[in-house]
Structures are given as C-alpha cells and as structure tokens.
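*Asks:* Mind looking over this structure? Questions follow.
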Amino acid sequence: MTVLDHRPTAPVPSWLPDATGPRSDPAPLLPDTSPVRVLGTPELAKYDPELLRDLYRRLVVGRRYNQQATTLTKQGRLAVYPSSTGQEACEVAAATVLGADDWLFPSYRDTLAVVGRGVDPLAALTLLRGSAHTGYDPRITRTAPLCTPLATQAPHAVGLAHAARLRGEPVVALAMLGDGGTSEGDFHEALNFAAVLNAPVVFLVQNNGYAISVPLTKQSAAPSLAHKAVGYGMPGRLVDGNDAVAVHAVLAEAVDRARAGGGPTLVEALTYRLEAHTNADDATRYRVPDEVEAWRAHDPLVLMERHLREAGLLDDEAVARAAEEAEALAATMRAQFHAEPQFDPLSLFQHVYAEPTPQLREQAAQLAAELAAEQMDGQTAGQTDGQTGAGA
Amino acid sequence: MATEQGTRTSSMAQALNAALRDAMRADSAVHLLGEDVGALGGVFRITDGLAAEFGADRCLDTPLAEAGILGTAIGMAMYGLRPVVEMQFDAFAYPAMEQLVSHVAKMRNRTAGGLGLPITVRVPYGGGIGGVEHHSDSSEAYYTATPGLHVVTPATVADAYGLLRASIASDDPVIFLEPKRLYWSKDEVDLSAPTEPIGRAVLRRTGRSAVLITYGPSLPVCLEAAKAAEAEGWDLAVLDLRSLVPFDDATVCEVVRSVGRAVVVHEASGFGGVGAEIAARVTERCFHHLAAPVLRVTGFDIPYPPPMLEHHYLPGVDRILDAVAKLQWED
Numbered sequence: 001m002t003v004l005d006h007r008p009t010a011p012v013p014s015w016l017p018d019a020t021g022p023r024s025d026p027a028p029l030l031p032d033t034s035p036v037r038v039l040g041t042p043e044l045a046k047y048d049p050e051l052l053r054d055l056y057r058r059l060v061v062g063r064r065y066n067q068q069a070t071t072l073t074k075q076g077r078l079a080v081y082p083s084s085t086g087q088e089a090c091e092v093a094a095a096t097v098l099g100a101d102d103w104l105f106p107s108y109r110d111t112l113a114v115v116g117r118g119v120d121p122l123a124a125l126t127l128l129r130g131s132a133h134t135g136y137d138p139r140i141t142r143t144a145p146l147c148t149p150l151a152t153q154a155p156h157a158v159g160l161a162h163a164a165r166l167r168g169e170p171v172v173a174l175a176m177l178g179d180g181g182t183s184e185g186d187f188h189e190a191l192n193f194a195a196v197l198n199a200p201v202v203f204l205v206q207n208n209g210y211a212i213s214v215p216l217t218k219q220s221a222a223p224s225l226a227h228k229a230v231g232y233g234m235p236g237r238l239v240d241g242n243d244a245v246a247v248h249a250v251l252a253e254a255v256d257r258a259r260a261g262g263g264p265t266l267v268e269a270l271t272y273r274l275e276a277h278t279n280a281d282d283a284t285r286y287r288v289p290d291e292v293e294a295w296r297a298h299d300p301l302v303l304m305e306r307h308l309r310e311a312g313l314l315d316d317e318a319v320a321r322a323a324e325e326a327e328a329l330a331a332t333m334r335a336q337f338h339a340e341p342q343f344d345p346l347s348l349f350q351h352v353y354a355e356p357t358p359q360l361r362e363q364a365a366q367l368a369a370e371l372a373a374e375q376m377d378g379q380t381a382g383q384t385d386g387q388t389g390a391g392a
Numbered sequence: 001m002a003t004e005q006g007t008r009t010s011s012m013a014q015a016l017n018a019a020l021r022d023a024m025r026a027d028s029a030v031h032l033l034g035e036d037v038g039a040l041g042g043v044f045r046i047t048d049g050l051a052a053e054f055g056a057d058r059c060l061d062t063p064l065a066e067a068g069i070l071g072t073a074i075g076m077a078m079y080g081l082r083p084v085v086e087m088q089f090d091a092f093a094y095p096a097m098e099q100l101v102s103h104v105a106k107m108r109n110r111t112a113g114g115l116g117l118p119i120t121v122r123v124p125y126g127g128g129i130g131g132v133e134h135h136s137d138s139s140e141a142y143y144t145a146t147p148g149l150h151v152v153t154p155a156t157v158a159d160a161y162g163l164l165r166a167s168i169a170s171d172d173p174v175i176f177l178e179p180k181r182l183y184w185s186k187d188e189v190d191l192s193a194p195t196e197p198i199g200r201a202v203l204r205r206t207g208r209s210a211v212l213i214t215y216g217p218s219l220p221v222c223l224e225a226a227k228a229a230e231a232e233g234w235d236l237a238v239l240d241l242r243s244l245v246p247f248d249d250a251t252v253c254e255v256v257r258s259v260g261r262a263v264v265v266h267e268a269s270g271f272g273g274v275g276a277e278i279a280a281r282v283t284e285r286c287f288h289h290l291a292a293p294v295l296r297v298t299g300f301d302i303p304y305p306p307p308m309l310e311h312h313y314l315p316g317v318d319r320i321l322d323a324v325a326k327l328q329w330e331d
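For the record, the sequence lines run as chains A and B. Residues in the first sequence are numbered consecutively from 1, following full-length UniProt numbering. Residues in the second sequence are numbered consecutively from 1, following full-length UniProt numbering.
This is the structure:
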C-alpha cells in the first residue's frame with residue numbers, strides 16, 4: 001500500500017459539467033494513425049465522376065499556375081513565389097469544399113486555393129509581385145488576404161466563424177496552415193478558442209515536411225500534428241495530402257460537421273513540397289534528392305490521372321482539355337505580367353484610416369508636391385531637348 | 001449643456017461602464033470580450049453587470065490568451081461586429097502585439113479599404129496604484145509608433161464616457177488607454193453631454209507663463225503643479241491632449257505660440273517616448289515663438305519600479321515645477 005492509496009477522494013469540481021467523465025470523449029477525437037486514402041481503393045467508386053474530373057482538371061491547371069508563377073520569378077516579374085507544387089491536392093480541395101458564403105483564410109503559400117475561390121490569378125499574386133498588398137476585395141469571394149505571419153490568420157477564422165454562428169448564419173471558416181505554423185502560439189490559441197466557443201471552423205495543416213529547412217522531427221514530438229487536436233477537445237484527422245479525393249472527402253466531412261454545429265476539426269494533410277520553400281531558397285542544403293524523387297512518384301497529379309484512368313473515369317480527351325485550359329491560363333498570366341502595373345502613389349495615404357489624420361494629409365500633400373516637381377522637371381527636360389533639336 | 005437632471009457624481013470607472021452599456025444598447029453589433037469581463041465584471045469592474053444585461057455572448061469571458069482574444073476579435077470585426085476587447089493590464093497586452101501590429105493596424109491598408117476593423121482595445125495603463133511588476137506600464141509609445149491605430153486616453157470622467165463612445169463608434173481600431181489610477185476619481189458630470197471628439201486637445205487651464213502639455217494620468221498632477229506654481233508667481237496653462245493619434249498639432253501649436261514656453265509631462269519613460277515626438281513637433285512648427293527649449297518631464301528610462309519605489313519614478317509636482325524653473329525665466 002502506498003501513501004497515494006490513502007489520499008482522500010477529491011470532491012467533484014463544481015465547474016465540471018459532467019463529473020462522471022472527461023468533457024469530451026477522447027476516442028472519436030484521436031486520429032486514426034493511418035491517413036485516409038481514396039485513390040486506389042474501392043471507396044473511389046462512391047464519388048460522383050463529375051466531382052472527380054473537376055478535381056483532376058483543377059490539379060492540372062493548378063500545377064501549371066505554380067510553374068508559370070515560378071517562371072515569372074525567374075524573369076523578375078514576381079518578387080517571390082512560395083510554390084505549392086506537389087501540394088495541389090490540398091489547395092484544390094480547400095477551394096472546392098467551401099460554399100460561396102464560407103470564408104477561406106489562406107497562408108502565403110495558398111495562392112492556388114485563393115484562385116480556386118474565384119479570385120483573378122493576377123489579383124491573387126499582387127502581394128508576391130509587390131505591386132499591392134492584397135489585389136482582391138476579400139468580401140467578394142469571402143477570401144481573407146494571404147497571411148505572411150505564421151498562424152496569425154487562424155484566430156481570425158475562429159472569430160469570423162463565431163460571429164457568423166452568433167448571427168445564426170450557416171457559415172464555415174477554413175484556415176490553412178503549414179507544419180511550421182503549428183509551433184506558433186496563435187495556432188494553439190486559435191484551436192483552444194475554437195473548441196471552447198464550438199466555432200464552425202476547420203483547420204487544415206498542410207504538413208509538407210519542412211518549415212523552410214527545419215524538418216518535422218525538429219518541429220514537433222507529437223505522434224502526428226493531428227494529435228494536437230486531442231488536447232483541445234476536437235477531432236484530429238489524418239489524410240493523404242496528395243490524394244485530392246481523400247482531402248476533399250475529409251475536409252467536406254469536417255465542414256459539414258462544423259456547419260451542423262459539431263464544432264471545429266483539425267485536419268493534417270501529409271504532403272510534400274516538391275520545390276524549394278520559395279525561389280530564394282536552396283532546398284538541396286537540407287534534403288536529399290532520393291527523398292524528393294520518392295515523393296515525385298506520389299505526385300498528386302500522377303496519382304489522380306492514373307487512378308481515374310484505371311477506373312475508366314478519365315479519357316485522353318479530358319486530359320487534353322485540362323492541358324489546354326492550363327496553357328490558356330499560363331498565357332493569360334504571361335500577358336498580364338508583361339504589362340507594367342499602374343500605381344497612384346497618393347493611394348499610399350488612402351487606406352491607413354477611414355479618414356486620414358491631419359498628419360497624413362500633410363504628408364500626402366508633401367508627396368503630391370514632390371510628384372508635381374518631378375513631373376515639371378521631366379517637362380522642362382523634354383522642352384530643353386526639343387529646343388536643342390530645333391536649334392540643331 | 002449639462003442639465004440638472006443629467007448631472008450626478010460619477011467615477012471614471014462608472015463612466016466607462018455606462019459608456020459600454022449605452023454603446024451595447026445602441027448597437028447590437030457591439031460585443032465585449034476578454035478575460036474576466038463576464039460574471040466578475042472585470043478586475044476593475046468596468047464591465048460590471050453587462051453580462052447580466054446583454055448575455056454571455058455579447059459580454060464574453062474568453063480563455064486567457066491575449067493573442068487569441070484580439071485575433072478572435074479581428075475575425076468578429078471582419079464579419080461586421082464591433083468588438084470591444086479588454087486587456088486586463090497594460091503589460092498583459094504584449095502577447096497580442098503581433099495581432100495588433102500585423103493585423104489590427106494594417107488590415108484596412110492591406111485590403112485597400114476592403115476590411116476596416118472597428119475594434120476598440122481597452123488597456124488599463126500606468127502606475128500609481130501600488131501594483132507589482134507588469135501591472136503599471138505606460139505602453140502608449142508602442143501604440144503611437146504603429147500606423148493604423150488611433151490612440152486615445154481620457155483624463156476626465158466626462159472624457160472617459162465621451163471618448164469611449166466615440167472609440168466604439170469609430171470605423172478604425174482604437175487603443176483606448178484607461179489611466180487606472182484615475183478609475184476612482186469622481187466628478188459632477190452629465191455623461192450624456194457631448195465632449196470634444198477624438199483628435200482634439202482641450203485647454204484645461206489657461207496661463208501665460210508656460211504651458212504643460214500632458215494626457216491621461218498626468219493631467220491631475222499637472223493641474224496640481226499649476227496650482228502650486230501660483231505661489232511662485234507663475235501662471236501655467238495646462239493642455240490635455242486626449243488623443244495621441246491623431247495628434248492635434250493645431251491646438252498644441254496655437255497654445256505654444258501664444259505662451260512661448262512648454263513642458264511635456266508624461267509618466268512613461270522619456271527616451272523614444274511620446275514627449276520626444278511632441279517636443280520635436282513643437283520645435284519644428286513653433287521655433288520662432290519659443291523663448292526656451294521644450295522640456296520633458298517623464299518617468300526614468302528604467303523598467304517600471306516596484307510599488308514601494310514608484311513615487312521616485314512618477315513625475316510629481318516638484319519635478320514639474322523644477323522644469324518650469326529651468327525655462328530660463330527672465331520676465
């Protein structure tokens with residue numbers, strides 16, 4: 001008999017809603033440790049062929065978008081591009097699983113999901129081009145700005161979903177994060193708030209193996225990132241992040257659950273970024289070619305095409321049509337980026353406050369005067385040239 | 001004008017509570033959130049009774065996580081609500097700085113006007129109440145250095161009500177700094193009477209010898225110093241800024257030009273503080289009207305001291321009068 005055995009029974013804490021057990025049943029919260037897969041399983045037959053072909057088409061177009069954007073960085077037309085090549089299944093699923101009234105909260109890598117929401121491809125890239133912070137009005141497609149600080153958009157998703165629920169509107173928010181983002185405090189605060197508020201929000205973690213160069217083993221000691229949900233009292237789900245059908249299915253279930261009042265879900269999609277973190281990164285310094293090649297064999301496009309063809313759901317014509325659409329998009333992007341962006345320098349002062357402060361009005365006047373002086377200098381220079389020409 | 005019926009004795013805490021209640025009654029989009037704002041009514045009781053009147057959804061006790069509180073408020077504001085966030089103490093707001101600086105301050109700008117965030121962040125600030133460490137910071141310079149935020153701080157009971165109502169009604173985010181040592185200061189006031197709007201400084205006392213430029217918790221100290229200065233034959237004006245952003249250059253310069261000598265008084269550390277900005281602005285705009293350099297009377301450049309030592313830190317009447325004496329008195 002130990003000392004502990006003599007410990008008196010603790011009184012039941014009055015603040016526990018149900019003293020007979022934990023506040024939520026841990027069993028349905030615990031992740032199934034094998035990721036959900038649909039492609040290559042009999043499950044595939046359960047899905048609408050139109051949905052499957054649409055996902056395929058979006059994957060192909062998305063891959064081309066990634067390639068074209070990367071090329072634009074090499075041409076100096078984009079300042080930086082964090083490619084989601086290899087992760088298109090997650091991007092496509094995030095965009096297609098939400099309804100028009102739902103909200104998407106993307107990270108900086110999720111341009112493709114933003115485009116999937118209906119945002120113009122050029123507008124989705126203004127942040128990365130450097131011509132504006134956000135090139136689209138978030139209210140129109142219900143898509144928040146691309147978020148560069150890690151995980152800070154997650155509490156926004158919670159707050160928006162909470163507000164919608166308070167208003168009785170069936171809106172779901174989907175926050176997209178990377179594996180590195182799960183180490184940030186805002187990620188944990190967002191999960192905790194979401195669970196406590198029972199907010200209709202879904203967290204999609206795209207675990208692509210590396211936070212820039214730091215591998216997952218140095219990022220988290222948890223059995224999986226999906227396990228992190230358990231401590232907050234929400235379900236954690238693991239999915240093959242390169243299986244577009246599986247990601248779509250798992251996210252759709254989480255979205256439905258949230259919309260029905262079931263609360264938040266954390267989804268971890270196991271995927272891989274085939275390119276470097278951005279064009280400015282050298283991925284050969286921290287990962288070996290064999291690893292990359294192994295993942296290339298598990299490419300989301302390759303998987304999708306192979307399994308849909310095997311199931312007789314995809315023919316050469318559909319493949320050619322998707323390729324055509326992808327090339328048309330790439331051509332549009334090239335044309336758009338060929339044109340120099342137009343700026344109004346005075347717009348710098350327009351959207352700091354609803355009404356500019358007296359100080360900003362003064363500074364705007366200063367810039368306007370500088371611009372006028374520059375223009376006058378230009379005209380004077382032009383006139384001088386003209387006179388010289390006339391005299392010669 | 002205040003009516004007899006409307007005039008009654010109110011503390012600053014009561015005025016803030018009334019402002020929140022009236023704002024919530026006037027607009028169902030106004031939601032409060034923070035740690036302890038519900039059943040407890042806040043550790044300073046500023047939200048007393050609001051959960052009972054408006055329900056737990058509109059006066060929401062949140063988990064204890066400031067970034068989470070402010071980040072959630074951002075999402076709520078994006079969906080059309082007007083969140084009022086309580087940060088329990090000045091130094092407890094720091095975990096939320098990233099949300100504040102990277103998102104609250106910038107969302108309107110990042111989205112080219114698409115998503116303005118009408119959030120009011122209430123921050124009880126400053127010392128003088130015997131608080132142990134992390135309970136007495138004057139954090140205004142962090143906020144004023146962040147474009148996109150309005151920074152407002154009342155010093156009177158009437159302004160506590162008027163400026164808080166105006167802050168909640170503002171379409172821009174407002175850092176509402178509540179001088180916690182004035183929470184229990186009382187005044188005979190008609191709270192419903194209009195006050196000057198955000199962005200205007202108010203001359204609390206006229207004078208011809210020098211002007212004390214101040215705000216928040218230092219206003220009563222300056223008024224006391226002005227009273228004491230009478231014995232020395234000095235006639236001091238006292239200007240209450242009320243709003244640090246936007247800054248009322250026009251009124252400040254008008255007063256400084258007419259008086260010719262100025263001392264800026266605040267209890268935050270001086271280096272890189274709001275006083276430095278004011279001294280620079282006044283010098284740039286009023287140099288030829290100045291008979292002496294603009295002086296600052298501020299807290300020392302040290303972490304806020306333990307409560308038994310704070311009286312050595314806080315700018316008091318004597319330190320203000322010393323500065324006034326240093327203004328090279330000749331006339």
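All C-beta atoms in this analysis are idealised placements derived from N, C-alpha and C, irrespective of residue type, glycine included. This structure is a prediction, so every number in the text was calculated from the model and none was measured.
1. Counting only beta-carbon separations shorter than 8 Å, does B/LEU81 have a partner in chain A?
2. Give the straight-line distance between the Cα atoms of B/PHE247 and A/PHE337, rounded to the nearest whole angstrom.
3. So, helix, strand or coil for B/ILE198, using DSSP?
4. Would A/LEU236 pass as a contact of A/ALA226 if the rule is Cβ separation under 8 Å?
5. Rounded to a whole number of angstroms, what is the C-alpha to C-alpha distance between A/LEU251 and A/ALA244?
6. On the premise that A/GLY62 lies in contact with A/LEU112, defined as a C-beta separation below 8 Å, what is that separation, rounded to the nearest angstrom?
7. In chain order, which continuous runs of the beta strand (DSSP E) of length 3 or greater are located wholly inside the region 133 to 203 of chain A?
8. Is the Cβ of A/GLY152 closer than 8 Å to any Cβ of chain B?
9. Return yes when at least one heavy atom of the ligand FMN lies under 7 Å from the C-beta of A/TYR272, else no.
10. Give me the DSSP bridge partner(s) of A/ASN207.
11. Assign A/LEU251 to one of three DSSP states: helix, strand, or coil.
12. Answer yes or no: does any C-beta atom of chain A fall closer than 8 Å to that of B/LEU32?
13. On a Cα-Cα basis, can you pick out the residue from A/LEU346, A/ASP281, A/GLU91 and A/GLN379 that is closest to B/ALA112?
14. State yes or no: is the beta carbon of A/GLN219 nearer than 8 Å to at least one beta carbon in chain B?
15. My output table needs one value for B/ASP318: the three-state DSSP class, helix, strand or coil.
16. Here's the rule: buried if 16 or more other CB atoms are within 10 angstroms of the residue's CB, otherwise exposed. What is B/HIS312?
17. Taking only the alpha-carbon atoms, compute the straight-line gap between B/LEU219 and B/LEU100 and give it to the nearest angstrom.
18. Please report whether the beta-carbon of A/THR357 lies at a distance below 8 Å from any beta-carbon of chain B.
19. Let me confirm a value: B/SER258 is counted as buried when at least 16 other C-beta atoms fall within 10 Å, else exposed. Which label applies?
20. If you follow the alpha helix (DSSP H) that A/HIS307 is in, where does it begin and where does it stop?
21. Comparing the C-beta of A/GLU293 with each C-beta of chain B, is any distance below 8 Å?
22. Let me know the secondary structure DSSP gives B/ILE175 once reduced to three states.
23. In three-state DSSP terms, what is B/LYS326?
24. For B/VAL132, tell me which candidate among B/ASP322, B/VAL37, B/PRO307 and B/LYS227 has the shortest Cα-Cα distance.
25. Would you mind telling me which residues of chain A sit closer than 8 Å to B/MET108, beta carbon to beta carbon, in chain order?
26. Does DSSP classify B/ALA239 as helix, strand or coil?
27. Using 8 Å for Cβ pairs, my map puts B/ALA155 next to B/PRO179. What's the rounded Cβ distance?
28. Return the bridge partner residues of B/GLY299 from the DSSP annotation.
29. Assuming B/CYS253 and B/VAL297 are in contact, meaning their beta carbons sit under 8 Å apart, how far apart are those beta carbons, in whole angstroms?
30. Under the rule that 16 or more other beta-carbon atoms within 10 Å means buried, what is B/PHE176, buried or exposed?
*Replies:* Reading off the structure:
1. As a position in the second sequence, residue 81 of chain B is number 81, starting the count at 1. B/LEU81 counts as touching chain A.
2. Counted from its first residue, the second sequence places residue 247 of chain B at position 247. Counted from its first residue, the first sequence places residue 337 of chain A at position 337. Roughly 41 Å separates the two Cα atoms.
3. Within the second sequence, residue 198 of chain B is the residue found at index 198, counting from 1. Residue state, collapsed to three classes: coil.
4. Residue 236 of chain A sits at position 236 when you count from the first residue of the first sequence. Residue 226 of chain A sits at position 226 when you count from the first residue of the first sequence. What sits at residue 236 of chain A in the sequence shown is Gly, not Leu. Yes, they are a contact pair.
5. Here residue 251 of chain A corresponds to residue number 251 of the first sequence, with the count starting at 1. Here residue 244 of chain A corresponds to residue number 244 of the first sequence, with the count starting at 1. Straight through space, the alpha carbons of A/ALA244 and A/LEU251 are spaced by roughly 10 Å.
6. For the purposes of this step, residue 112 of chain A is taken as residue 112 along the first sequence, with counting starting at 1. For the purposes of this step, residue 62 of chain A is taken as residue 62 along the first sequence, with counting starting at 1. In this structure, A/LEU112 and A/GLY62 form a Cβ contact; the two beta carbons are roughly 5 Å apart against a cut-off of 8 Å.
7. DSSP assignment within the region 133 to 203 of chain A yields the following whole beta strand (DSSP E) runs of 3 residues or more, N-terminal first: 173 to 178.
8. Numbered from its first residue, the first sequence carries residue 152 of chain A at position 152. Position check: residue 152 of chain A holds Thr in this sequence, whereas Gly was assumed. At least one CB atom of chain B sits nearer than 8 Å to the CB of A/THR152.
9. With respect to small molecules bound, the structure shown includes none, and the ligand FMN cannot be examined in it.
10. On the first sequence, residue 207 of chain A is found 207 positions in, with the first residue counted as 1. Answer is A/LEU270, bridged to A/ASN207.
11. Counting from 1 along the first sequence, the entry for residue 251 of chain A is found at position 251. In the three-state scheme derived from DSSP, where H, G and I count as helix and E and B as strand, A/LEU251 is classed as helix.
12. In the second sequence, residue 32 of chain B corresponds to position 32, counting from 1. Cβ-Cβ to chain A under 8 Å: no for B/LEU32.
13. Here the question's residue 112 of chain B lines up with position 112 in the second sequence. Per the Cα distances, A/LEU346.
14. Residue mapping note: residue 219 of chain A aligns to position 219 of the first sequence, counting from 1. A/GLN219 is outside the set of residues whose beta carbon lies under 8 Å from a beta carbon in chain B.
15. What you label residue 318 of chain B is simply residue 318 of the second sequence in a count that begins at 1. Here B/ASP318 sits in helix by DSSP.
16. In the second sequence, counting from the first residue as 1, residue 312 of chain B sits at position 312. The residue in question, B/HIS312, is exposed, as its Cβ has fewer than 16 Cβ neighbours within 10 Å.
17. Residue mapping note: residue 219 of chain B aligns to position 219 of the second sequence, counting from 1. Residue mapping note: residue 100 of chain B aligns to position 100 of the second sequence, counting from 1. Rounded to whole angstroms, the separation of the alpha carbons of B/LEU100 and B/LEU219 is 27 Å.
18. By one-based count along the first sequence, residue 357 of chain A stands at place 357. At least one CB atom of chain B sits nearer than 8 Å to the CB of A/THR357.
19. Within the second sequence, numbered from 1, the residue matching residue 258 of chain B stands at position 258. Counting every other CB atom within 10 Å of its CB across the protein chains shown gives B/SER258 a total below 16, marking it as exposed.
20. As a position in the first sequence, residue 307 of chain A is number 307, starting the count at 1. Here the alpha helix (DSSP H) through A/HIS307 covers 300 to 310.
21. Within the first sequence, residue 293 of chain A is the residue found at index 293, counting from 1. Output row for A/GLU293: interface = no.
22. In the second sequence, the residue the question calls residue 175 of chain B occupies position 175. Three-state result, B/ILE175: strand.
23. Locating residue 326 of chain B in the second sequence gives position 326, where the first residue counts as 1. In the structure shown, B/LYS326 sits in coil (DSSP, three-state: anything other than H, G, I, E or B).
24. Walking along the second sequence from the start, residue 132 of chain B turns up at place 132. Checked all of B/ASP322, B/VAL37, B/PRO307 and B/LYS227; the closest Cα to B/VAL132 is B/PRO307.
25. Translated into positions along the second sequence, residue 108 of chain B becomes position 108. It should be noted that the sequence gives Arg, not Met, for residue 108 of chain B. Annotation: Cβ neighbours of B/ARG108 in chain A (cutoff 8 Å, chain order): HIS351, VAL352, TYR353 and ALA354.
26. Locating residue 239 of chain B in the second sequence gives position 239, where the first residue counts as 1. Here the sequence assigns Leu to residue 239 of chain B, which means Ala is not the residue at that position. Three-state DSSP puts B/LEU239 in a strand.
27. Taking the second sequence and counting its residues from 1, the one referred to as residue 155 of chain B is at position 155. Taking the second sequence and counting its residues from 1, the one referred to as residue 179 of chain B is at position 179. The Cβ separation is near 7 Å, so the contact holds.
28. Sequence index remark: in the second sequence, residue 299 of chain B carries index 299 (1-based). Answer is B/SER269, bridged to B/GLY299.
29. As a first step, residue 253 of chain B must be located in the second sequence, where it is residue number 253. As a first step, residue 297 of chain B must be located in the second sequence, where it is residue number 297. Not confirmed; about 20 Å, so no contact.
30. Here residue 176 of chain B refers to the residue found at position 176 of the second sequence. Buried, since its Cβ has 16 or more Cβ neighbours within 10 Å.
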